[in-house]
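*Asks:* Residue numbers (the UniProt record's numbering): 1 to 349.
Think of the CB as a built atom: it goes at the ideal place given N, C-alpha and C, for glycine as much as any other residue.
For reference, the structure I am asking about is given below.
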Amino acid sequence: MDAGHYCTSAPKTVAEILNAFGKQDLLSYLTELGGCFAEGDEGKIYPSSFQAASVTDIFRFALQKRKVEVKTGERVLQIGRKENGFIVTTDKGKYASAYLVLASGGAAAKHFGTDGSGYELAKSMGHSVTQLFPALVRLKTERDKIKGLKGVRSAVEARLENNKDKSFRGDVIFSDFGIGGNIAYKLSSYAKSGDSVLLDFLPFTDREGLCSLLANKARNYPEMPAEDFLRCVVHSAVAKAILNACGIPVSTKCSHLQKKIEEIVRQIKGYRLRIEGNTGFDDAQVTKGGIRMEEVDENLMSRIVRGLYFAGEILDVDGECGGYNLQWAFSSGARCAAAIAEAIANENR
1 MDAGHYCTSA PKTVAEILNA FGKQDLLSYL TELGGCFAEG DEGKIYPSSF
51 QAASVTDIFR FALQKRKVEV KTGERVLQIG RKENGFIVTT DKGKYASAYL
101 VLASGGAAAK HFGTDGSGYE LAKSMGHSVT QLFPALVRLK TERDKIKGLK
151 GVRSAVEARL ENNKDKSFRG DVIFSDFGIG GNIAYKLSSY AKSGDSVLLD
201 FLPFTDREGL CSLLANKARN YPEMPAEDFL RCVVHSAVAK AILNACGIPV
251 STKCSHLQKK IEEIVRQIKG YRLRIEGNTG FDDAQVTKGG IRMEEVDENL
301 MSRIVRGLYF AGEILDVDGE CGGYNLQWAF SSGARCAAAI AEAIANENR
């Protein structure tokens with residue numbers, strides 16, 4: 001799997017871990033445990049039940065078969081060292097272990113239980129945490145450019161004006177405060193307040209072809225008002241926004257648009273929205289930032305505390321929208337498990 005879909009300070013380490021236990025490895029493993037899967041759009045894999053709980057059930061049944069006791073509903077208050085291992089203190093008791101994996105998630109979507117406390121536990125063991133930001137989150141934009149677009153859904157190509165390497169295709173959904181949809185989620189890992197995003201409402205059409213099409217239409221329908229002129233090309237609400245950005249009254253007749261065609265096309269192919277923030281951690285799907293990758297080795301074991309491992313979102317690795325964060329959670333977890341299993345095997349030799 002391409003590490004280019006992830007934001008991290010350690011792309012080589014991330015790529016190696018993803019390649020060691022990738023999409024097909026995960027699918028084979030879950031199928032072996034009794035799961036059944038179907039392929040959806042863009043190669044995405046879903047449980048055949050199309051219920052996320054099915055993945056939880058796969059692991060739950062496998063753990064029950066192996067008589068593994070799972071403790072839930074306990075809040076971890078403290079972790080500490082003991083001779084040859086660790087002590088984990090919760091609000092209901094204490095647990096000792098030779099190895100410890102911190103896989104507590106990040107600070108996003110607190111209603112799922114990831115309140116960011118894992119970072120404090122890591123800090124108590126000497127680790128440091130990068131600055132944290134919401135990711136895979138809706139974006140707030142300047143209001144005047146989205147007036148009248150609330151509820152409109154459109155297939156677009158989007159890119160950040162200051163980062164031409166990052167362009168995405170997908171759906172944008174306009175709201176009264178900004179944009180959502182998978183386009184917003186994809187952009188959110190790279191965008192910050194003050195950046196501008198350019199939306200191409202007709203990504204399948206080049207500028208020259210669109211200019212020719214609109215020029216011919218203007219000649220053929222000289223008495224048609226500008227609003228109707230664009231109505232069959234883009235969403236009617238988008239048409240009004242485009243004309244407004246061009247400074248063209250909607251009642252303007254096509255006979256007066258010939259000199260405005262290039263500007264209209266420029267707006268259709270690059271409608272600029274200034275980003276003014278996002279909807280925050282509670283609305284975000286993942287956290288950008290985390291435990292510094294230079295503080296862990298290639299097996300994700302702490303370079304500070306031997307036997308302490310990290311997996312998933314708690315690390316400074318976040319993926320784009322499309323299952324990449326789930327894959328990182330599974331791949332990093334598999335790497336930790338393999339390393340611990342090898343360490344135990346070496347101890348028993």
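Are the CB atoms of LYS240 and GLY148 nearer to each other than 8 Å?
*Replies:* Numbered from 1 along the sequence shown, position 240 holds the residue referred to as residue 240. Numbered from 1 along the sequence shown, position 148 holds the residue referred to as residue 148. The answer is yes: Cβ separation under 8 Å.
*Asks:* Provide the residue(s) that pair with TYR271 in DSSP beta bridges, ordered along the chain.
*Replies:* Position 271 of the sequence shown, counted from the start, is the residue given in the question as residue 271. LEU199.
*Asks:* Any idea which residues DSSP pairs GLN78 with across the strands?
*Replies:* Here the question's residue 78 lines up with position 78 in the sequence shown. Paired residues: THR89.
*Asks:* Use the C-beta contact count for THR114: other C-beta atoms within 10 angstroms, 16 or more gives buried, fewer gives exposed.
*Replies:* One-based indexing of the sequence shown puts residue 114 at position 114. Buried, because 16 or more other Cβ atoms sit within 10 Å of the Cβ of THR114.
*Asks:* Could you pull the DSSP bridge partners for GLU157 from this structure?
*Replies:* Taking the sequence shown and counting its residues from 1, one reaches residue 157 at position 157. Note: GLU157 sits in a beta bridge opposite ARG169 and ASP200.
*Asks:* Please report the Cβ distance between GLY319 and HIS111, rounded to the nearest whole angstrom; I am assuming they are in contact, meaning their Cβ atoms lie under 8 Å.
*Replies:* Position 319 of the sequence shown, counted from the start, is the residue given in the question as residue 319. Position 111 of the sequence shown, counted from the start, is the residue given in the question as residue 111. Contact doesn't hold; Cβ gap of about 21 Å is too wide.
*Asks:* Rounded to whole angstroms, what is the Cα-Cα separation between ALA345 and GLU161?
*Replies:* Taking the first residue of the sequence shown as position 1, residue 345 is located at position 345. Taking the first residue of the sequence shown as position 1, residue 161 is located at position 161. Their backbone Cα atoms lie some 52 Å apart in a straight line.
*Asks:* Does DSSP put PRO11 in a helix, a strand or coil?
*Replies:* By 1-based counting over the sequence shown, the position of residue 11 is 11. Three-state result, PRO11: helix.
*Asks:* Could you check the C-alpha separation between PHE21 and ALA15 for me, to the nearest Å?
*Replies:* Taking the first residue of the sequence shown as position 1, residue 21 is located at position 21. Taking the first residue of the sequence shown as position 1, residue 15 is located at position 15. Each residue's alpha carbon lies about 10 Å from the other.
*Asks:* What is the residue span of the beta strand (DSSP E) that GLU142 lies within?
*Replies:* Walking along the sequence shown from the start, residue 142 turns up at place 142. Segment: none, GLU142 is in no beta strand (DSSP E) and carries neither H nor E.
*Asks:* Span of the beta strand (DSSP E) holding TYR95?
*Replies:* The residue you call residue 95 lines up with position 95 of the sequence shown. Start and end: 94 to 97.
*Asks:* Measuring CA to CA, which of LEU243, GLU208 and ASP316 is closest to LYS288?
*Replies:* In the sequence shown, residue 288 corresponds to position 288, counting from 1. When each option's Cα is compared against that of LYS288, the closest is ASP316.
*Asks:* What three-state label does DSSP hand LEU230 in the structure shown?
*Replies:* Taking the first residue of the sequence shown as position 1, residue 230 is located at position 230. Note: LEU230 maps to helix in three-state DSSP.
*Asks:* Can you list, in chain order, the residues of its chain whose CB lies under 7 Å from that of TYR46, leaving out five sequence neighbours each side?
*Replies:* Position 46 of the sequence shown, counted from the start, is the residue given in the question as residue 46. So the qualifying residues of the chain are PHE37, ALA38 and GLY40.
*Asks:* From the DSSP output, read off the bridge partner residues of ALA135.
*Replies:* On the sequence shown, position 135 is the one that residue 135 refers to. VAL286.
*Asks:* With a cut-off of 8 Å on the beta carbons, I'd call ILE275 and SER189 a contact; round off their distance for me.
*Replies:* For this step, residue 275 is matched to residue 275 along the sequence shown. For this step, residue 189 is matched to residue 189 along the sequence shown. Actually they are not in contact, since the Cβ atoms of ILE275 and SER189 sit about 13 Å apart, beyond 8 Å.
*Asks:* Could you pull the start and end residues of the alpha helix (DSSP H) that VAL55 belongs to?
*Replies:* In the sequence shown, counting from the first residue as 1, residue 55 sits at position 55. Unbroken alpha helix (DSSP H) run through VAL55: 53 to 65.
*Asks:* What is the DSSP secondary structure of LYS260, counted as helix, strand or coil?
*Replies:* Translated into the one-based positions of the sequence shown, residue 260 becomes position 260. Note: LYS260 maps to helix in three-state DSSP.
*Asks:* Please state whether DSSP places ASP115 in a helix, a strand or coil.
*Replies:* Mapped onto the sequence shown, residue 115 falls at position 115. Of the three classes helix, strand and coil, the one that applies to ASP115 here is coil, per DSSP.
*Asks:* For the candidate residues PHE330, CYS336, ASP283 and GLU42, whose alpha-carbon lies nearest to that of LYS23?
*Replies:* Looking up residue 23 in the sequence shown gives position 23. Nearest C-alpha to LYS23: PHE330.
*Asks:* Sort out for me which residues DSSP pairs LEU243 with in a bridge.
*Replies:* Here residue 243 refers to the residue found at position 243 when the sequence shown is read from its first residue. DSSP output for LEU243 lists no bridge partner at all.
*Asks:* Under 8 Å, do ASP91 and GLU74 count as touching if we go by C-beta distance?
*Replies:* As a working note, residue 91 is residue 91 in the sequence shown. As a working note, residue 74 is residue 74 in the sequence shown. In this structure, GLU74 lies closer than 8 Å to ASP91 by Cβ.
*Asks:* Give me the residue from LEU308, MET224 and SER175 with the minimum Cα distance to ARG138.
*Replies:* Taking the sequence shown and counting its residues from 1, one reaches residue 138 at position 138. Considering only alpha carbons, the answer is SER175.
*Asks:* Taking the beta strand (DSSP E) that GLU39 belongs to, which residues open and close that run?
*Replies:* Counted from its first residue, the sequence shown places residue 39 at position 39. Looking at the DSSP string, the run of the beta strand (DSSP E) that includes GLU39 is 37 to 39.
*Asks:* I'd like to know whether the C-beta atoms of GLY80 and PHE86 end up nearer to each other than 8 Å.
*Replies:* For the purposes of this step, residue 80 is taken as the residue at position 80 of the sequence shown. For the purposes of this step, residue 86 is taken as the residue at position 86 of the sequence shown. Against a cut-off of 8 Å, the Cβ pair of PHE86 and GLY80 comes out as a contact.
*Asks:* Classify LYS44 as buried or exposed, calling it buried when 16 or more other Cβ atoms lie within 10 Å of its own Cβ.
*Replies:* Residue mapping note: residue 44 aligns to position 44 of the sequence shown, counting from 1. Exposed.
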